[in-house]
Each structure stands twice: as C-alpha cells, then as structure tokens.
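Peer 1: I have a structure here, written as structure tokens, and I will follow up with some questions on it.
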Amino acid sequence: MKKEELHSIAPILAALKFKPEAFKMPQNGLDEVEKAVLSTLYSQKLKDITGSANPFKVHTTYFNEVEDKVFDKLSSSNKIKNNLKVPENYFENLEQQVLNKLKSKSLEQQTKVISLRSSIIKISATVAVAASLALLFILNPFNKTEHITFDSLAISDIESWIENDRLDLDAYQIAAVYNEVKLTPKVISASIDETELESFLRNQDIEVLLYEE
Numbered sequence: 300m301k302k303e304e305l306h307s308i309a310p311i312l313a314a315l316k317f318k319p320e321a322f323k324m325p326q327n328g329l330d331e332v333e334k335a336v337l338s339t340l341y342s343q344k345l346k347d348i349t350g351s352a353n354p355f356k357v358h359t360t361y362f363n364e365v366e367d368k369v370f371d372k373l374s375s376s377n378k379i380k381n382n383l384k385v386p387e388n389y390f391e392n393l394e395q396q397v398l399n400k401l402k403s404k405s406l407e408q409q410t411k412v413i414s415l416r417s418s419i420i421k422i423s424a425t426v427a428v429a430a431s432l433a434l435l436f437i438l439n440p441f442n443k444t445e446h447i448t449f450d451s452l453a454i455s456d457i458e459s460w461i462e463n464d465r466l467d468l469d470a471y472q473i474a475a476v477y478n479e480v481k482l483t484p485k486v487i488s489a490s491i492d493e494t495e496l497e498s499f500l501r502n503q504d505i506e507v508l509l510y511e512e
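Counting in this note's numbering, the sequence shown runs from 300 upward without gaps.
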C-alpha cells in the first residue's frame, strides 16, 4: 500500500512517524522473562500440591492456640518435679530442735568445766594438807612428845594457807600426789536466757546446728 492510499484511508495513522528502533528489546529482557515464567510455574505447582497459592501463610488463630497448647502440655506432663519440697512440720519442729541442741551443748560444756574444777580443788586440798604437815614438822623439829595428826590441824589454818597463795603447785606435783583422776560427768539443769539465745542464733548457721552429728 502506497503512502497516498494510506493517507486517504487512515490519515491519522499515515501522519505518524515510525522510528526505526520503536520495538527495541531492553537489556537482559529475556532473563527477566525467564525468571517471571519460572516463578509463575513454581507458584502454580505449589498451589496444585498444597491447594493454596501461599503455603507458608499462618492461620489466623495460630498464635492464640499455641499458648493454650503449651500450658496444656505443661499441666499434663509428669516430668516436672519439685525437688526442693520442704518436709511436713519442718518449721514447727525447727525451734525445738535448735533449743535442744543448744541445751545439750551448754550442759556438756558446763559439765566439763565443773568436773575439771572439782578435780583441781580435790588435788589442791590434798597437796595443801601434805604441805601443812611438812611445815609443822619443820617448825617443830625438837618437839617429839607431841603427836601431830590431820585432825589436830585447824581447818582455818589450811584455808589461810591456800588463800594466801602459799601453795605452789605444778603438774608434776599434782601427778605425784593424785596419779589417776577419773572425771565423772555431772548433769546439771541450765536455764537459758532468751536474750542470750537470740544473740547466739544470730551468729550461728541454723543448717549446721540441724545436721551436726
């Protein structure tokens, strides 16, 4: 068709000026087309398999149901155990146990102190009597007619001798006079003051008192 005929049939189309590269292919155009085609095919395949175009879509009430399911599993599980359970009547008997241990310790300490003190007094009295007899013999060497016995000594003289620190004792002298000393434990009643007990408990570890053998 000639230009004159086209102008008479379609004057507007004939007036258009066509560029020689009006339909030029963009750079990497075929690559983009390939990616678009593959993406469409992949989406269609997923839709055929899963029945949905977006198989990774989360259900609307999914997160609301998750919390309920987790709590249901925790409540029905028997694997969680409370290993730190306190025994029954533990705190009811705690105070009495502490008091009993304190009383037994106090009695034991006082028994040891009293037994040792009694033994020392007995030994000191024996040595004092022996020293008094020796002193009388030294002061009266020529008086052979008077027979000196333990009964003839005045108790006040013996007490004065001990109180004035005239009796010098050491371990060897005590051992020579009183070879074997058998200490007999004495049980005495002790009353514990509440203030002293409270001060003692503040400075002690309760667990150590309870589990101490």
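For glycine and all other residues, C-beta sits at the position ideal for the given N, C-alpha and C.
When the Cα atoms are used, what is the spatial distance from V369 to V332?
Peer 2: Going by the C-alpha atoms only, they are around 47 Å apart.
Peer 1: By Cβ distance below 8 Å, which residues in the same chain neighbour L500 in space, the five residues on each side in sequence not counted?
Peer 2: Closer than 8 Å at the Cβ level, and outside the excluded window around L500, lie V397.
Peer 1: Which residues bound the alpha helix (DSSP H) around E495?
Peer 2: E493 to R501 is the extent of the alpha helix (DSSP H) around E495.
Peer 1: In whole angstroms, what separates the C-alpha of K443 from that of N463?
Peer 2: Because the pLDDT of K443 is 48, which lies under 50, any placement of that residue in the model is unreliable, and the number read from its coordinates should be weighed accordingly. Those two C-alpha atoms are separated by around 29 Å.
Peer 1: So, with DSSP's three-state summary, where would you put E387?
Peer 2: Three-state DSSP puts E387 in coil, outside helix and strand.
Peer 1: If L496 sits next to L401, beta carbons under 8 Å apart, how far is it from one beta carbon to the other, in whole angstroms?
Peer 2: 7 Å between Cβ atoms; contact.
Peer 1: Identify whether T360 lies in helix, strand or coil by the three-state DSSP scheme.
Peer 2: Coil at T360, not helix or strand.
Peer 1: In whole angstroms, what is the alpha-carbon distance linking E387 and K404?
Peer 2: Whole-angstrom Cα-Cα distance: 27 Å.
Peer 1: CA-CA distance, N502 and E493?
Peer 2: C-alpha separation (whole angstroms): 14 Å.
Peer 1: Can you tell me whether A309 is helix, strand or coil according to DSSP?
Peer 2: DSSP places A309 in coil when its eight states are reduced to three.
Peer 1: For N463, name the three-state secondary structure that DSSP assigns.
Peer 2: Coil at N463, not helix or strand.
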